[in-house]
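Trainee: Input: one structure, supplied below.
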Amino acid sequence: MSNNLKEQEELQKQLRKDALRKNWKLFSQSKLGMIGLYIVAFFLFLALLQPFLFITGIWNPAIYDPVVGYDQIKAELLVIECPKEYPTEKYESYSDCPGPGEVNIKKLYMAPDLKVGEYYDTFIQPAPPSKTHLLGTDSLGRDVFSQIMEGSQVAFVLGLLSATLGVGISTILGTIAAFFGGRVDAYLMRQSDLILMLPSLPLLFIISAFAELKVWHLAVVLGVLGGLGGSVITIKSQALQVKVKPYVDSARITGGSKWQILFQHILPNVAPLALLFMVFSVTGAIASESVLSFLGLLNIDMSWGIMIYLSQTDGFIFSGLDFWWLILPAGLAVTFLAGGFYLVGRGLDEVFNPRLRKR
Amino acid sequence: MAEYIIRRTLQMIVVFFIFLVSSYLLFNAIPGNAFQNLLLNPDLPPDAYEKVLKTYGLDKPIMERVQLYVVNFFKGDFGYSYKYYPKTPIELIAERLPRTLMLFAIVNIVAFYTGFLVGKVLAWRRGSKSETWITVTSVFSYTVFYPWFALMMLWFFGYKMGWFPIGKFLYPEKWYDAPWDSDVIFVLMIKFTVIISVIQFMAYLLTRGIESLTQRRNIRFGSLIAIFIGSYLFWNTGDALTKKPYAADIAYHMILPVVVVTIVAFAGTALLTRTTMVEVIKEDYILTARAKGLSQKRIRDRHAARTALLPVVTSFIFTIVTIIDGSVLTETIFSWPGMGQLLLQSVLEEDIPVAMATFSFVGIFALIAHLVADISYSYLDPRIRIKSQG
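As you go down the protein sequences, you meet chains A and B in turn. For the first sequence, the working numbering gives the first residue as 404, with consecutive numbering after it. For the second sequence, the working numbering gives the first residue as 20, with consecutive numbering after it.
Encoded structure:
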């Protein structure tokens, strides 16, 4: 008897493995999905690399810490005097004058001994990318690459946590609404109306006014709001399609209780869509966190949104691409990670929805 | 159907009541007694202060205040703005709403139209190289970090190139001796845009029955030219001629926000259209159409795209619901003084009457549009029938 059970278990394991392998094969056929997976894996690698570098001592926390680290980059600048009229041989216009590696003598009122043609030793912040700082330092002398890594940790924790929570809530509520119908359905739908009615960004502003929002809190707030809102409607429409399938009827006829049918027959068949939904809602969660940090409303030490917020408040964003390492990495990181999750979602969509496949 | 609408309306009233009370309590939860802001306004005459204090019971406990607020709300009395004292929230909304509607009506029309066209082509060219590139571009613009992207565009086109103004919706120096409020111009422009799009939409609907594709396209193109001539005549005659320079000023300020938001917004529609089109192409009637020997274009435009239009229309209705909510970020970045900015400022500066009024405005808008979406969905898709249950 026990032998038989064991065999059955092994058979089930084998079946599950086969299904996984088949799904993986389907997923790996979609090129864009694989690109998305590589992007997500790259950022995950970055997120895990930073603690590793600190623990092994390759990076000194005093220098490379994303929040309190500080490094002085020494530079020698040639002292020159800017001409009064433009264009000259060397400079085309007024804005070209202290070129790279040069400093205008009029700016050096702190060091009156220097003369034109001498070299002036100084510390530059923000420093451009170098061997010690792969993406340079920001205006406070902190390593930008380390900040990007810290930001990807925040993005992963927040995105995955809020997406899991939100999709968990909306899957359960959506299937309940579809299964029971009637008053329960009406109540749940009006509840999601209520959440959809509240303007999301101002609502988060109000919440951030009376609660200190850290990463965890924000993830819970975003998850609950997302889970009670629009996604209940989407999951419900999917569950309605599952509800009328013949196997649900046969389960009812053979005497399955309501909750048994709900949890053993309907929920597992809605789960693929829920997983898909989760991957897509990670994109939204990352974007919302970045927007809130960008507006300076979160109580987070460092994130991609805060990096953009700092580069904007310090006025680097309108200085063009002279300080590209302050502007581009953070913005592109948000875009690429969100895009990576989106592409993974698209690949999964083709796995779960046979009608989307090529053949 | 009638029973369903009545039921939904009753439910909506209950939901709105809960919404009103909960948002009032939410504002009340902000620390530092937001209602004391009233005291801080030096423009407020003492008798007005007394009056507001009495009608809203600001010195009474919270539950009584909620009661008073709800009663006053349904009487149509929203109080006065704390910040712009003599103005009521309704006046402020009436002033700001046309600006937001103007900007986002154009954005949404353009974005949905181009998105639908791009999505159609994407699904049809499945597996080709151009599909991959267009998809990558649209995914990039769909997931790009919007404030960052908008700031970069502002920097490039507004600051470096100097082609477009940075922020604001008009040059104040041009408006010193303007005989009109800017809102008069905005309302005129909205009317103009709506009439144009209605004409083009009617032309689209009327030509739907025409069999020949080239003839249909010619007629649509002709209607477009007619619209151009008509609008040229409109702006060069009578009353509109004197308003033209002011309208042109506003339109010039609108170009950059419209382009940036459209780039971000069109991708969502394109990707949605693509997914539904790809599913629709697998249907049997497409196979039948192919077997009949119809041309590729005809199958794409008349058989597949029409079915794929359905979710796009629904998402269009839902986008209209979230116009004000979605305008918050755009209007902050481009300093466009519309509803989004009003909403954000009133929340940040704890101008409670204005914030409550805008919140409830957004709420009513969302509720009604949601009902309209549900009803129109059941009309558009005969597979979905609303039963007489909630």
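Idealized CB from N, CA, C, for every residue including glycine. Bear in mind that the values here come from a model prediction, so they are computed numbers and not experimental data.
Is there a C-beta anywhere in chain A that falls below 9 Å from the one on B:M439?
Mentor: Residue 439 of chain B is absent from the model: chain B starts at 20 and stops at 409.
Trainee: For A:G658, count the other beta carbons within 10 Å of its own beta carbon; 16 or more makes it buried, fewer makes it exposed. Which is it?
Mentor: Exposed, by the Cβ-count rule.
Trainee: Would you mind listing the alpha helix (DSSP H) stretches within the segment 549-634 of chain A that are 4+ residues and don't spill past its ends, in chain order?
Mentor: Listed in chain order, they are 585-600, 603-613 and 618-631.
Trainee: Answer yes or no: does any C-beta atom of chain B fall closer than 9 Å to that of A:N406?
Mentor: A:N406 does not count as touching chain B.
Trainee: Taking 9 Å as the CB-CB cut-off, is B:P80 touching chain A?
Mentor: Cβ-Cβ to chain A under 9 Å: no for B:P80.
Trainee: So is A:W662 buried or exposed if we call it buried at 16+ other beta carbons inside 10 Å?
Mentor: So A:W662 ends up on the exposed side.
Trainee: Measuring only the C-alpha atoms, how far is B:P356 from B:A197?
Mentor: Between B:P356 and B:A197, the C-alpha separation is close to 19 Å.
Trainee: Judging by CA-CA distance, which residue of B:L390, B:P264, B:R309 and B:T351 is the nearest neighbour of B:L367?
Mentor: Comparing Cα positions, the closest option is B:T351.
Trainee: Using the Cβ count rule (16 or more neighbours within 10 Å means buried), how would you classify A:K409?
Mentor: Label assigned to A:K409: exposed.
Trainee: Among B:F38, B:V137 and B:V347, which one has its Cα closest to the Cα of A:L380?
Mentor: Residue numbering for chain A in the displayed model covers 404 to 762; residue 380 of chain A lies beyond these limits and cannot be assessed.
Trainee: Within its chain, find whatever has a CB closer than 7 Å to the CB of B:A308; leave out the 5 residues flanking it on each side and keep chain order.
Mentor: So the list reads I318 and H322, once near-sequence residues are dropped.
Trainee: With DSSP collapsed to three states, give me the class of B:A48.
Mentor: Three-state result, B:A48: coil.
Trainee: In angstroms with no decimal places, state the Cα-to-Cα distance between B:Y132 and A:G504.
Mentor: When rounded, the distance between both Cα atoms is 51 Å.
Trainee: B:D200: which of B:R115, B:L173, B:I246 and B:I238 sits nearest, CA to CA?
Mentor: Nearest option by C-alpha distance: B:R115.
Trainee: My output table needs one value for B:Q408: the three-state DSSP class, helix, strand or coil.
Mentor: Annotation note: pLDDT 39 at B:Q408 (below 50); position unreliable, coordinate value reported separately. In this structure, B:Q408 counts as coil in the three-state DSSP scheme.
Trainee: Can you grab the Cα-Cα spacing for the pair A:F457 / A:I442, in whole Å?
Mentor: Computed Cα separation, rounded: 24 Å.
Trainee: Just grab the DSSP bridge partners of A:I483 for me.
Mentor: A:I483 is bridged to A:N507.
Trainee: Taking the beta strand (DSSP E) that A:Y745 belongs to, which residues open and close that run?
Mentor: Counting along the chain, A:Y745 falls outside any beta strand (DSSP E), though it belongs to the alpha helix (DSSP H) covering W727 to F755.
Trainee: Quick check on this structure: which residue in A:L597, A:S533, A:D704 and A:I438 has the alpha carbon closest to the alpha carbon of B:Q30?
Mentor: The candidate whose alpha carbon is nearest that of B:Q30 is A:L597.
Trainee: Let me know if B:M221 comes out buried or exposed under the rule of 16 or more other beta-carbons within 10 Å of its beta-carbon.
Mentor: Exposed is the call here.
Trainee: What is the rounded straight-line gap between the Cα of B:Q408 and the Cα of A:F680?
Mentor: At B:Q408 the pLDDT is 39, less than 50, meaning the model places this residue with poor confidence and gives no usable figure here.
Trainee: Which residues share a DSSP beta bridge with B:D196?
Mentor: According to DSSP, B:D196 bridges with nothing at all.
Trainee: Classify B:A130 as helix, strand or coil using the three-state DSSP reduction.
Mentor: In the structure shown, B:A130 sits in a helix (DSSP, three-state: H, G or I).
Trainee: For B:P184, tell me which candidate among B:E369, B:M273, B:L243 and B:T107 has the shortest Cα-Cα distance.
Mentor: The residue with the shortest Cα to Cα distance from B:P184 is B:M273.
Trainee: Tell me which same chain residues have a C-beta within less than 8 Å of the C-beta of A:S714, skipping the five on either side of it?
Mentor: Excluding positions up to five away in sequence, the list reads D541, I720, F726, L729, I730 and A733.
Trainee: Is there a C-beta anywhere in chain A that falls below 9 Å from the one on B:I371?
Mentor: No, B:I371 lies away from the interface with chain A (no Cβ there is under 9 Å from its Cβ).
Trainee: Within its chain, find whatever has a CB closer than 7 Å to the CB of B:K406; leave out the 5 residues flanking it on each side and keep chain order.
Mentor: Any reading at B:K406 must be qualified, since the residue scores a pLDDT of 47, below 50, and its modelled position is unreliable; no value is offered.
Trainee: Going by DSSP in three states, B:T294 sits in which element: helix, strand or coil?
Mentor: Here B:T294 sits in helix by DSSP.
Trainee: In the segment 685-720 of chain A, which residue ranges form an unbroken alpha helix (DSSP H) of at least 4 residues, counting only runs that do not cross its ends?
Mentor: Qualifying alpha helix (DSSP H) stretches, in chain order: 707-716.
Trainee: Who does A:F363 pair with in a DSSP beta bridge?
Mentor: Because residue 363 of chain A is not part of the residues shown, which for chain A are 404 to 762, the question remains open.
Trainee: Spell out a yes or no on whether the segment 133-148 of chain B and the segment 292-309 of chain B are touching, meaning 3 or more CB-CB pairs, one atom from each, closer than 8 Å.
Mentor: Touching, per the Cβ criterion.
Trainee: From the beta carbon of B:Q30, is the nearest beta carbon of chain A less than 9 Å away?
Mentor: It does; some Cβ of chain A falls within 9 Å.
Trainee: Taking B:K148 as part of the alpha helix (DSSP H), name the residues at either end of that continuous run.
Mentor: That run of the alpha helix (DSSP H) goes K148 to T162.
Trainee: Taking the C-alpha atoms as reference points, what is the distance between B:A21 and A:D652?
Mentor: In a straight line, the C-alpha of B:A21 is about 31 Å away from that of A:D652.
Trainee: At what residues does the alpha helix (DSSP H) containing B:V331 begin and finish?
Mentor: Element bounds for B:V331: A324 to V340.
Trainee: Any beta carbon of chain B sitting closer than 9 Å to that of A:W728?
Mentor: No, A:W728 lies away from the interface with chain B (no Cβ there is under 9 Å from its Cβ).
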